[in-house]
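Remarks on the structure that follows.
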Amino acid sequence: MSGVDSTQLRTLAAVVAEGSFEAAARLLHVTPSAVSQRIKALEETVGQVLVRRHRPCDATEAGRPLLRLAGQLALLEREALADARGPLGGDRGRTRVAIVVNADSLATWFPAALARLPEQPELSFDIRQDDQDHTAELLRAGTVTAAVTAQREAVQGCRVRRLGAMRYRALATPALVDRWFADGLTRTSAAAAPVVVFDRKDRIQHRFLRTVTGRDLDPPVHYVPSVPAFNESIRLGLGWGLMAEQLADADVAAGRCVDIAPGRVLDVPLYWQHWRLDSTVLTALTAAVCAVAAETLR
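Note that the numbering used here numbers the sequence shown so that position 98 is 99, with each residue one more than the last.
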């Protein structure tokens, strides 16, 4: 197989990032026909279909390594040009870094890590949100540069660092406790009491119940896919739920909520994974993330 063309790689990345050939054409300032021809030529070079042509477009298994390569080349090219031009090189643009983070980290400690980065190199963040048990999948797909993930094993082509554990407490309003948990968190009460769950990927409430009761239970569920709305639903008595310790302590101290299982917590280990590149951007980002995590997580 001959070497791949960098313009074709950039086009592949644009199609997947923008979700369609037409949107990629607008981003690249070319015609949709030119985008189609570049993708077709790259697929002929590789001998594989690289893009699933539906809305939104995404990369096939064969396309994922090339998508990751496109992102890595773009990052290294930007840094090399910035170094070559030097501090007086004029407008060098901004380096875009795509990161996927679990919702509770995004709502608590992670923004402080971004704010701690030095002004140079200038960065433009593309933050995605997903469950910590699923964030590593975007690294495998080549669509993000780094991830906060519950996966300890390094994704192929990535480095991994342990960040610490996010601690959760099981909270409910006093009224809900009186109604459902007057005798404590038992198998019977846990199976009957309504629980607030972030989304269908979120299994930490069920994991907590299995740890406490020794059974896989199937209680009534309210799905609330927003951290502020999730926590407010618990405060308003819609159901009980696991709240990140950084947010839970204030509610308990104010008497808005009580701990339905005193002394029982759930710790979710988190890891930082990123592309295995000698990159100034990734080095600075990793240092900031690890420093804030060390100050915040267990």
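For glycine and all other residues, C-beta sits at the position ideal for the given N, C-alpha and C.
Inclusion of L77 and L278 in the CB contact set at 8 Å is warranted, their separation being smaller than that value.
Within a 10 Å sphere around the beta-carbon of R188 sit fewer than 16 other beta-carbons, which makes this residue exposed.
Secondary structure note for W241: it is in no alpha helix (DSSP H), with a DSSP letter that is neither H nor E. Three or more Cβ pairs drawn from the stretch 196 to 209 and the stretch 132 to 144 lie within less than 8 Å of each other, which places the two stretches in contact. Assigned with DSSP and collapsed to three states, S21 falls in coil, not helix or strand. The Cβ-Cβ distance between V156 and Q9 does not fall below 8 Å. The DSSP-derived three-state label of A295 is helix.
Within the same chain, D217 and L218 come within 8 Å of R211 by CB-CB distance, once the 5 residues on both sides are set aside. According to the DSSP secondary-structure assignment, R162 is paired through a beta bridge with W273.
With at least 16 other beta carbons inside 10 angstroms of its own, G64 counts as buried.
Distances from the alpha-carbon of T297 to those of L237, P112, V266 and T214 put P112 closest. Per DSSP, the unbroken beta strand (DSSP E) holding Q130 starts and ends at L124 to Q130. DSSP places I100 inside the beta strand (DSSP E), whose first and last residues are T96 to V102. Assigned with DSSP and collapsed to three states, T150 falls in strand.
Around the beta carbon of G240, a 10 Å sphere encloses 16 or more other beta carbons of the protein chains shown; the residue is thus reported as buried.
Ranked by how close their Cα comes to the Cα of F22, the residues D6, H55, V50 and E80 have H55 in first place. For V197, there is no enclosing alpha helix (DSSP H); the residue is found in the beta strand (DSSP E) stretching over V196 to V198. For L70, the closest of L115, L13, S106 and L124 by C-alpha to C-alpha distance is L13. Under the criterion of beta carbons closer than 8 Å, A60 and V228 do not qualify as touching, at roughly 29 Å. DSSP, reduced to helix, strand and coil, places L10 within a helical segment of the structure shown. Rounded to whole angstroms, H30 and T281 show a C-alpha spacing of 29 Å. With contacts defined as CB atoms closer than 8 Å, L271 and S125 fail to qualify as a contacting pair. Between the alpha carbons of L139 and E19 lies a gap of roughly 15 Å. Residue state for V253 is assigned as helix, using DSSP reduced to three classes. The beta carbon of V213 sits closer than 7 Å to the beta carbons of L186, A262 and R265 from its chain, once the five residues preceding and following it are set aside; these are given in chain order.
Annotation for H223: the continuous beta strand (DSSP E) segment containing it runs V222 to Y224. With fewer than 16 other beta carbons inside 10 angstroms of its own, Q49 counts as exposed. Judged by DSSP in its simplified three-state form, R170 adopts strand.
Looking only at Y224, G256, A148 and T144, the smallest Cα-Cα distance to V178 is reached by G256.
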